[in-house]
Amino acid sequence: MIELFVSTLITFFVIIDPLGCAPIYAGLSAGASAAQRRTMAIRAVGVASAILLVFALVGEDLLRGLGISLASFRIAGGIMLFLIALEMVFEKRTQRREDRAAEVARDPEVEDVSIFPMAMPMIAGPGSIASVMLLMARTNGVEATAVVLAALGTILVLTLVALLAAGPLMRLLGARIEAVITRLLGVLLAALAVQFVMDGLQVSLR
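Residue numbers (this note's numbering): 26 to 231.
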């Protein structure tokens, strides 16, 4: 179970990317007071947690209702995660997030950024939703399910801490260190994505 927790923890850390969300949130909430930034950070993580929990618990039933097999979802999810990994390695994902944040910041009517773009799609985006469904589909038993949910909860708490400490955290890490971490995590995610595809193909070819 320790191996499952560690691998799941790394997966969610790579996909949700708390350190990558922090600078975006710092920029979006620059004009807000400390109390407003704290409230928006809590709301963003809370909404994202609810979205991911719903997909974790009923995602498999939803796929079944749509007539989609788990093997097909594993292959599709693995391909999607691999594309995200490529963007991380070549720093395209960070640029896209920054562009999206800039669009929101340019709109004077948008004040509360907790739901969009922070909760969704930055925290609970397609990658994290696919990951939680894939990982839940691979678990057997209540204990394994609890381990996956515990790992998800740990990363969401870490994300909340990163958002609350966004300003000081960015000054501590710096842009270069963040870029190196992002690329390393991208390589790990690429390997995990290939494993998802292989698992799906093995089930399909039986």
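Just so you know, even glycine gets a beta-carbon here, dropped at the ideal spot from N, CA and C.
(message) Quick test of the definition: if touching needs 3 or more C-beta pairs under 8 Å, does the stretch 91 to 108 touch the stretch 164 to 181?
(response) Pairwise C-beta distances place the stretch 91 to 108 out of contact with the stretch 164 to 181, as fewer than three of them are shorter than 8 Å.
(message) If you measure between the beta carbons of F180 and G152, is that distance less than 7 Å?
(response) The residue given as residue 180 occupies position 155 in the sequence shown. The residue given as residue 152 occupies position 127 in the sequence shown. Looking at the sequence provided, one finds Ile at residue 180 rather than Phe. Against a cut-off of 7 Å, the Cβ pair of G152 and I180 comes out as no contact.
(request) Within its chain, find whatever has a CB closer than 7 Å to the CB of A149; leave out the 5 residues flanking it on each side and keep chain order. (result) As a first step, residue 149 is located in the sequence shown; it is residue number 124 there, counting from the start. Here the set comprises A73, I76, L77.
(message) Within 8 Å, do at least three Cβ pairs link the stretch 55 to 68 to the stretch 204 to 220?
(response) As far as the Cβ criterion goes, the stretch 204 to 220 does not touch the stretch 55 to 68, which means the pair count is below three.
(message) Contact defined as beta carbons within less than 8 Å: I believe P43 pairs with A187. What is the distance between those atoms, to the nearest angstrom?
(response) Mapped onto the sequence shown, residue 43 falls at position 18. Mapped onto the sequence shown, residue 187 falls at position 162. Beta-carbon to beta-carbon, P43 and A187 are separated by about 4 Å, close enough to satisfy the 8 Å threshold.
(request) Measure the C-alpha to C-alpha separation of S94 and V70 and round it to an integer number of angstroms. (result) Here residue 94 refers to the residue found at position 69 when the sequence shown is read from its first residue. Here residue 70 refers to the residue found at position 45 when the sequence shown is read from its first residue. Taking the straight line from one Cα to the other gives about 30 Å.
(request) Check each candidate in V138, I154, I41 and name the one with the smallest Cα separation from V83. (result) Within the sequence shown, the letter at position 58 stands for residue 83. V83 has its Cα closest to that of I154, out of V138, I154, I41.
(request) Report buried or exposed for A15, applying the criterion of at least 16 other Cβ atoms within 10 angstroms of its Cβ. (result) The question about residue 15 has no answer, for the chain in this structure spans 26 to 231.
(request) Label M147 either buried or exposed according to how many other C-beta atoms from any shown protein chain fall within 10 Å of its C-beta, with 16 as the threshold for buried. (result) Residue mapping note: residue 147 aligns to position 122 of the sequence shown, counting from 1. Looking at its Cβ environment, which holds 16 or more other Cβ atoms inside 10 Å, M147 is buried.
(request) Would you decide whether S54 is buried or exposed? Buried here means 16 or more other CB atoms lie within 10 Å of its CB. (result) Along the sequence shown, one-based indexing puts residue 54 at 29. By the Cβ neighbour-count rule, S54 is buried, with 16 or more other Cβ atoms within 10 Å of its own.
(message) Do V114 and G211 have their beta-carbon atoms positioned less than 7 Å apart in this structure?
(response) Residue 211 sits at position 186 when you count from the first residue of the sequence shown. Residue 114 sits at position 89 when you count from the first residue of the sequence shown. In this structure, V114 lies closer than 7 Å to G211 by Cβ.
(request) Could you tell me the distance, in whole angstroms, from the CA atom of L87 to the CA atom of L106? (result) Reading the sequence shown from its first residue, position 62 is the one you call residue 87. Reading the sequence shown from its first residue, position 81 is the one you call residue 106. Cα-Cα distance, rounded: 20 Å.
(request) Given a cut-off of 7 Å, decide if M143 and V81 are closer than it, judged by their beta-carbon atoms. (result) In the sequence shown, counting from the first residue as 1, residue 81 sits at position 56. In the sequence shown, counting from the first residue as 1, residue 143 sits at position 118. Strictly speaking, residue 81 in this sequence is Ala, with Val absent from that position. Taking 7 Å as the Cβ cut-off, A81 and M143 do not qualify as a contacting pair.
(message) Rounding to the nearest angstrom, what Cα-Cα distance links A47 and L230 in this structure?
(response) The count along the sequence shown starts at 1 and reaches residue 47 at position 22. The count along the sequence shown starts at 1 and reaches residue 230 at position 205. The alpha-carbon atoms of A47 and L230 are separated by roughly 42 Å.
(message) Measuring only the C-alpha atoms, how far is F30 from V138?
(response) The count along the sequence shown starts at 1 and reaches residue 30 at position 5. The count along the sequence shown starts at 1 and reaches residue 138 at position 113. Rounded to the nearest whole angstrom, the CA to CA distance from F30 to V138 is 31 Å.
(request) Take the Cβ of I27 as the centre, count every other Cβ of all protein chains shown within 10 Å, and call the residue buried at 16 or more, exposed below. (result) Your numbering for residue 27 matches position 2 in the sequence shown. Under this definition I27 is an exposed residue.
(message) Using only the alpha-carbon positions, how far apart do Q220 and L111 sit?
(response) Here residue 220 is taken as the residue at index 195 of the sequence shown, counted from 1. Here residue 111 is taken as the residue at index 86 of the sequence shown, counted from 1. Taken atom to atom, the span from the alpha-carbon of Q220 to that of L111 is near 15 Å.
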